[in-house]
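Shown next, in structure tokens, is the structure this report addresses.
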Amino acid sequence: MEQTNKYQRSIDRLNDALGKEISTTLQYIYFHTIFEDAGYEHLASLMRRISIQEMQHIEHIAERILFLQGKVDMNPSFRSVQINGVREALEFSCSLEQSTIESYNEYSRLCSGEDDAVTHRIFQDMSAEEEQHLDIFRTELQNMIDYGAQYLALQSVAHSRNVAKMSKKEE
Ligand SMILES: [Fe+2]
Ligand SMILES: [Fe+2]
Numbered sequence: 667m668e669q670t671n672k673y674q675r676s677i678d679r680l681n682d683a684l685g686k687e688i689s690t691t692l693q694y695i696y697f698h699t700i701f702e703d704a705g706y707e708h709l710a711s712l713m714r715r716i717s718i719q720e721m722q723h724i725e726h727i728a729e730r731i732l733f734l735q736g737k738v739d740m741n742p743s744f745r746s747v748q749i750n751g752v753r754e755a756l757e758f759s760c761s762l763e764q765s766t767i768e769s770y771n772e773y774s775r776l777c778s779g780e781d782d783a784v785t786h787r788i789f790q791d792m793s794a795e796e797e798q799h800l801d802i803f804r805t806e807l808q809n810m811i812d813y814g815a816q817y818l819a820l821q822s823v824a825h826s827r828n829v830a831k832m833s834k835k836e837e
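This is the structure in structure tokens:
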């Protein structure tokens, strides 16, 4: 008979988080490519940077599962959504971060109650980072709501300037 792992509940929570992080990484890299294609340079690089941070969460979580001698379930928890509008993308990103923060707060609390201090801290630290992401997305969303077309136009101007600079360097 297979022995039960006393950290199994932590492992299940970590695998659940792993699925969220994989999906979120893919969703943000999707937004990155869409925004880059549209010439929204600032938003594109922001999405790329946050996507990489979510990928680092994947690595961190998987390492913890292995340390607890659990099995890593490296699968996305949902399929990427094909949203192309900036406002909708930012709203969706905010809701992703919001629900992740709620889960991690809960997981952190549960792990602490089960004397798994390290997993508790991992969820606590990740939840702090997700709050930073939420803050960034909220600011961008507010700019988008307040300045709309102007906000996007400014990004395109910055993009054209950079392209102009790049082609100058190549001459
Ligand atoms: Fe994350
Ligand atoms: Fe995040």
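Be aware that the sequence shown starts at 667, since it is given in my numbering, and climbs by one per residue. Idealized CB from N, CA, C, for every residue including glycine. Note that the structure is predicted; figures quoted are calculated from it, not measured.
Taking all protein chains shown into account, do 16 or more other C-beta atoms lie within 10 angstroms of the C-beta of residue i, making it buried, or fewer, making it exposed?
i: Gln722; result: exposed
i: Leu732; result: exposed
i: Met832; result: exposed
i: Arg730; result: buried
i: Ile811; result: exposed
i: Asn741; result: exposed
i: Ser676; result: buried
i: Arg783; result: Per the sequence shown, the amino acid found at residue 783 is Ala instead of Arg. Flag for Ala783 reads exposed.
i: Gln821; result: buried
i: Arg745; result: exposed
i: Glu796; result: buried
So residue i and residue j are supposed to be a Cβ contact under 8 angstroms. How far apart are they, rounded?
i: His726; j: Arg714; result: Their Cβ separation, rounded to whole angstroms, is 19 angstroms, which puts His726 and Arg714 out of contact at 8 angstroms.
i: Phe789; j: Tyr770; result: 5 angstroms
i: Val747; j: Gln693; result: 7 angstroms
i: Ala830; j: His708; result: That pair is no contact at about 17 angstroms.
i: Gly685; j: Ser743; result: 3 angstroms
i: Leu712; j: Leu756; result: About 10 angstroms separates the two Cβ atoms, so there is no contact after all.
In its own chain, which residues sit with a C-beta less than 7 angstroms from the C-beta of residue i, not counting the 5 before and 5 after it?
i: Ser793; result: Ile767, Tyr770, Asn771, Ser774
i: Ser778; result: His786
Please go through the same chain and pick out, in chain order, the residues whose beta-carbon is closer than 6 angstroms to the beta-carbon of residue i, but skip the five residues on each side of it.
i: Ile716; result: Tyr694, His799
i: Glu720; result: Glu687, Thr690, Thr691
i: Ser759; result: Phe803
Beta-carbon within less than 8 angstroms of residue i's beta-carbon, same chain only, minus the 5 sequence neighbours each way: which residues are those?
i: Asn671; result: Ile677, Leu734, Gln735, Gly736
- Item | Test item, CB below 7 angstroms from any non-hydrogen atom of ligand 1 | Ordered along the chain, residues surrounding ligand 1 are Glu687, Thr690, Gln719, Glu720, His723, Thr766, Met792, Glu795, Glu796 [Cβ under 7 angstroms from any heavy atom].
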